[in-house]
DNA sequence: TCTTCATTATTCATATATGAATAAAATATT
DNA sequence: AATATTTTATTCATATATGAATAATGAAGA
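Residue numbers (the working numbering), protein chains in the order written: chain F, 15 to 164; chain E, 15 to 164.
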């Protein structure tokens, strides 16, 4: 599904560029997901595992929700699936019995590592294909859009 | 949820740019959805209604799926919701009784028009804030990424 | 014509996302 | 200490997306 701008065929240059930008982003996401697929991972699963690896310790589901900027109930479900995959286990935090910790398993670690390698290859290839292009102007436009209040 | 690139804090410039690109796209989408919300529309609902308006005739669900580049079962559900909203009605195609046509209602038309106005305002504002920026280089980078096979 | 094949939409299972309502536990207030 | 509030995760309802399996209909070929 084209999530945005049903492409009414606008004349304005910025319209076409914004359409193209959204398309490029979704293209990137597709390649990213495709890179992770052989390792039994999806984008959200890899993101969660990567946060655990980066932290180097079990994280509470609330912390994970914060890191991944999403709602708690989302993490509950994601961790359900990761647990079903055997990539993560739930632990109770004995210092605060409300808290549930997600702890990455050996299997999860192995898959995260493999996924990270694939993603690195993807970014490396992308970097290669963008060689010799003026990225400064690109960054400037992005920063304008990224100013959240326009 | 950060759909992509769990932001491991890479040094490579292109990595940061790709992250920024995905972020910009999701920012745009958020504003787009926010613009449509007051008109009782979401992105997918508005996209479907807009295709019907653009066509100027009822479209089969298969045609809609093609226009919106998504799977048929997705459209079945989307049209269910649009029908529940009263924005669309289902008609049987008498020339091919397998086919179901989605036909926009007066109410749907009114909401699409209102939504289109909001989106136009959003794009107008965006175009304004990008005035004076070199969009050529931007377009070039996007076109590289949009070459689906890299 | 009758059987086979293709096409259409729907249903079902699943993944991802949000937000409201709930339950359990910790903290604060009286 | 007892009550009230806050914080934690889960459950539920819903929206959006995919893909596999199914049912109904149409088209092609024997």
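Even glycine gets a Cβ: it sits at the ideal position worked out from N, Cα and C.
Check                                                                                                                                             : Outcome
Cβ pair count under 8 angstroms reaching 3, the region 22 to 37 of chain F against the region 100 to 116 of chain F                               : no
Contact check, residue 46 (chain F) vs residue 57 (chain F), beta carbons under 8 angstroms                                                       : yes
Sub-8 angstroms separation of residue 62 (chain F) and residue 105 (chain F) beta-carbons                                                         : no
Length at least 3, wholly inside the region 50 to 123 of chain F: the beta strand (DSSP E) runs in chain order                                    : 102 to 106, 114 to 118
Beta-carbon gap between residue 73 (chain F) and residue 65 (chain F) smaller than 8 angstroms                                                    : yes
Option nearest residue 115 (chain E) by Cα separation, candidates E:78, E:140, E:122, E:40                                                        : E:78
Residue 14 (chain E) at chain F interface by Cβ criterion, 8 angstroms                                                                            : Residue 14 (chain E) cannot be examined here, being either before or after the span of chain E that is shown, 15 to 164.
Burial state of residue 69 (chain F), where buried means 16 or more other Cβ atoms lie within 10 Å                                                : exposed
Local conformation of residue 47 (chain E) per DSSP, three classes                                                                                : helix
Neighbour list for residue 39 (chain E) in chain F, Cβ cutoff strictly below 7 angstroms                                                          : 35, 36, 39
Beta-carbon gap between residue 156 (chain F) and residue 38 (chain E) smaller than 8 angstroms                                                   : yes
Selected residue, minimal CA-CA separation from residue 153 (chain E), among E:27, E:121, E:35, E:15                                              : E:35
Cut-off 7 angstroms between Cβ atoms - residues of its own chain near residue 141 (chain E), not counting five sequence neighbours on either side : none
C-beta neighbour in chain E for residue 102 (chain F), strict 8 angstroms                                                                         : no
With 16 other Cβ atoms within 10 Å as the buried cut-off, status of residue 81 (chain F)                                                          : buried
Euclidean distance between Cα positions of residue 128 (chain E) and residue 49 (chain E)                                                         : 10 angstroms
Chain E contacts made by the region 148 to 161 of chain F, where a contact means CB separation under 9 angstroms                                  : 148, 149, 150, 151, 152, 153, 154, 155, 156, 157, 158, 159, 160, 161
Below-8 angstroms beta-carbon distance, residue 166 (chain E) vs any chain F residue                                                              : With chain E running from 15 to 164 in the structure shown, residue 166 (chain E) is simply not present.
Residue from E:133, E:97, E:85, E:139 whose Cα sits closest to the Cα of residue 122 (chain E)                                                    : E:97
Simplified DSSP state of residue 147 (chain E), which is helix, strand or coil                                                                    : coil
Rounded C-alpha distance that separates residue 126 (chain F) from residue 158 (chain F)                                                          : 33 angstroms
Environment of residue 85 (chain E) [buried if 16+ CB atoms lie within 10 Å]                                                                      : exposed
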